Amino acid sequence: MKTVLPFVLSLAVVAALVCPVEAAGLTIQRVRGELASTEDGSSATGRFALTVVTSGDRGAGKLLVFAGGLDAGNVCEVVLGEDVDTGTPFGELEFRGSRGFATFRFSSLRDSWPEGVTSLADFSGQKLFVVSDGSPVLEGAIPDFVDPDGGDAEEGTFAVGAGLGALTPPADSGIDAVGAVSALAVNLFERARERLAFRVIGLDRGAEYAVWLTGDEETELGSFTARGFLGLGSLVLDTGRGDTLPGHLGGLAGAGLEVRDADGSVVLAGSIPRLR
Numbered sequence: 090m091k092t093v094l095p096f097v098l099s100l101a102v103v104a105a106l107v108c109p110v111e112a113a114g115l116t117i118q119r120v121r122g123e124l125a126s127t128e129d130g131s132s133a134t135g136r137f138a139l140t141v142v143t144s145g146d147r148g149a150g151k152l153l154v155f156a157g158g159l160d161a162g163n164v165c166e167v168v169l170g171e172d173v174d175t176g177t178p179f180g181e182l183e184f185r186g187s188r189g190f191a192t193f194r195f196s197s198l199r200d201s202w203p204e205g206v207t208s209l210a211d212f213s214g215q216k217l218f219v220v221s222d223g224s225p226v227l228e229g230a231i232p233d234f235v236d237p238d239g240g241d242a243e244e245g246t247f248a249v250g251a252g253l254g255a256l257t258p259p260a261d262s263g264i265d266a267v268g269a270v271s272a273l274a275v276n277l278f279e280r281a282r283e284r285l286a287f288r289v290i291g292l293d294r295g296a297e298y299a300v301w302l303t304g305d306e307e308t309e310l311g312s313f314t315a316r317g318f319l320g321l322g323s324l325v326l327d328t329g330r331g332d333t334l335p336g337h338l339g340g341l342a343g344a345g346l347e348v349r350d351a352d353g354s355v356v357l358a359g360s361i362p363r364l365r
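Residue numbering for the sequence shown is 90 to 365, as defined by our numbering.
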């Protein structure tokens with residue numbers, strides 16, 4: 090978390106300076122689980138992980154399967170779905186060595202999706218099977234994918250979402266300031282965190298400013314003082330350190346933001362960025 094935040098904030102400033110519109114967010118969702126043998130007395134076991142990356146209307150997926158104790162003389166196939174008969178085959182495991190250890194790797198950036206499949210998230214809450222001669226030899230439950238800002242991650246699930254947006258002055262205002270807003274949500278098992286950060290430059294040195302969430306009901310999120318020769322200012326709201334937000338970031342996406350001076354005049358405006 091400590092290494093991700095500075096990178097996100099730096100990227101937000103760059104985005105605000107070179108791109109006056111909201112950038113698409115980025116969400117990464119990951120689930121993992123164990124594979125157990127379906128045959129009595131078998132020592133076969135395994136584990137798997139599914140990763141889904143979404144940005145705007147684009148997405149990618151990655152599937153990893155590791156298994157051991159299999160019969161290296163048989164062809165073993167990875168199948169995802171409610172059951173083996175109606176599930177979707179993704180490909181064959183590759184055996185490594187003579188002890189029945191095998192792996193399978195699928196990446197939509199490199200491999201073609203099976204027919205009718207566009208996202209690994211379609212298999213949320215279903216099962217993964219390792220099938221040999223038409224019968225499952227290993228199977229495991231695929232956990233439900235969670236949202237970055239849900240705060241409901243179970244063991245074996247993870248999600249992170251980040252969004253970047255610009256804060257710009259009103260048209261024909263003559264204000265030279267510019268700013269950026271970044272949204273970050275992390276949903277880990279028993280560790281959820283959401284962060285909304287504002288960075289501005291070019292405001293009046295020593296002046297006080299407030300950040301407002303606009304809409305049917307206006308909410309003051311906080312205030313800051315512009316400092317230094319460049320008129321720099323910042324405001325960070327982080328639930329991980331006890332700060333409160335007026336809602337989850339996913340639900341607030343697109344809501345209007347205004348930076349106002351002491352007289353209530355708007356000097357910068359934008360919106361809460363999307364997480365995907």
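In this text, a Cβ means the ideal position worked out from N, Cα and C, and glycines have one as well. Nothing here was measured: the structure is a model prediction, and the numbers come from that model.
- Residues S144 and A251 of the same chain have their beta carbon placed closer than 6 Å to that of L115, with the five preceding and five following residues left out of the count.
- The beta carbon of D233 sits closer than 6 Å to the beta carbons of S213 and G214 from its chain, once the five residues preceding and following it are set aside; these are given in chain order.
- Rounded to whole angstroms, T303 and A344 show a C-alpha spacing of 7 Å.
- Taking C-beta atoms under 8 Å as the contact rule, V206 and T177 qualify, at a distance of about 6 Å.
- Where L357 is concerned, the enclosing beta strand (DSSP E) starts and stops at V355 to S360.
- A Cβ-Cβ contact shorter than 7 Å links G320 with L292.
- Going by beta carbons, L346 and L334 fall outside the 7 Å limit.
- A distance below 6 Å between beta-carbons, with the five flanking residues on each side excluded, links T246 to the following residues of its chain, in chain order: V120, P232 and V235.
- Within the DSSP bridge table, the entry for S271 names L253 and A286 as partners.
- DSSP places L292 in no alpha helix (DSSP H); its state is neither H nor E.
- Cβ contact annotation for L198 (same chain, cutoff 7 Å, sequence separation greater than five): A149, in chain order.
- Assignment of A351 by DSSP, reduced to helix, strand and coil, places it in the coil class.
- Residue range L338 to L341 is occupied by the alpha helix (DSSP H) that includes G340, with no beta strand (DSSP E) assigned at that position.
- The Cβ neighbour count for P362, taken over all protein chains shown within 10 Å, is at least 16; the residue is labelled buried.
- L346 is bridged by DSSP to L302 and G359.
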